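What follows is one structure encoded as structure tokens, with my remarks underneath.
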Amino acid sequence: MDAMAELTAEQGYEATKIADIVRRAGVARKTLYDNFDGKEEVFLAAFDSAVTEVSARIEEACADIPDEWDARAAAGLRALLTYIAENPATARMCLIEAMSATPAASVRYEEATTRFVALLERNAPVDTGLPETIGETLVGGVAWILHQKIRRGEAEQALDLMPELLDFILSPYHGVAKTKR
């Protein structure tokens with residue numbers, strides 16, 4: 023799965039062939055096919071693994087910060103940006119390649135986005151009077167900015183975006199009544 027992330031980061035999903043994956047992974051073609059049905063299944067498994075890992079990191083970072091929205095948002099965002107900086111190839115696979123690699127990958131991308139919206143909404147203040155789509159707007163905006171950073175080959179500098187993205191996430195909630203869940 024690491025080989026898939028690296029190869030799609032270097033040459034894109036379409037250009038990545040099974041022969042490239044087995045060569046990069048140092049496994050036999052038979053070994054790959056013993057574990058996966060093909061290139062798409064390797065891609066989806068790598069994508070799912072990354073989403074699970076980054077979600078766990080975000081939830082762990084937020085777990086010890088009860089009832090402090092700003093601090094939870096900062097901890098979760100820092101966990102996300104750190105993951106991207108540490109895993110630029112995987113970040114590119116998830117935030118750029120997944121949207122167009124295959125129809126199934128596109129669905130997984132949408133499901134992951136929905137998962138991050140739900141995570142944000144579980145932690146955000148309630149009864150704020152903000153639009154129902156604020157979670158989608160914030161997650162989509164963060165994803166777009168990260169998409170651009172990664173596309174430019176600057177994933178390792180993702181943490182540089184921390185102040186700007188944190189302001190973006192928090193600003194809709196500042197100045198409105200905060201209600202604890």
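Mind the numbering: the sequence shown is residues 23 to 203 in this note's numbering, read in order.
By construction, the Cβ of each residue, glycine as well, lies at the ideal position given by its N, Cα and C atoms.
Nothing here was measured: the structure is a model prediction, and the numbers come from that model.
Q | Local conformation of VAL129 per DSSP, three classes | A | Of the three classes helix, strand and coil, the one that applies to VAL129 here is helix, per DSSP.
(Q) Please state whether the Cβ-Cβ distance between ALA31 and PRO110 is less than 8 Å. (A) Contact: yes.
Q) Alpha carbon to alpha carbon, what distance is there between PRO88 and GLU185? A) Strictly speaking, residue 185 in this sequence is Pro, with Glu absent from that position. In a straight line, the C-alpha of PRO185 is about 22 Å away from that of PRO88.
Q.
Among the candidates GLU82, THR112 and LEU66, whose CA atom is the shortest distance from the CA of ARG100?
A. Ranking the options by Cα distance to ARG100, first place goes to GLU82.
Q) Looking at C-alpha atoms only, which residue of THR104, LEU103, PRO125 and LEU102 is the closest neighbour of TYR35? A) For TYR35, the nearest C-alpha among the options comes from PRO125.
Q) Just how far apart, CA to CA, sit ASN206 and ALA127? A) Missing from the structure shown is residue 206; the chain here goes from 23 to 203 and no further.
Q) CB-CB under 7 Å to ILE156, same chain, minus the five flanking residues each way: which ones, in chain order? A) The residues are PRO194.
Q: Could you have a look at PRO185 and say whether DSSP puts it in helix, strand or coil?
A: Three-state result, PRO185: helix.
(Q) Tell me which residues share the same chain as ASP42 and place their Cβ nearer than 6 Å to its Cβ, disregarding the 5 neighbours each side in the sequence. (A) Excluding sequence neighbours, ASP42 sits near LEU29.
(Q) Could you tell me the alpha carbon to alpha carbon distance between CYS84 and CYS116, rounded to whole angstroms? (A) Computed Cα separation, rounded: 22 Å.
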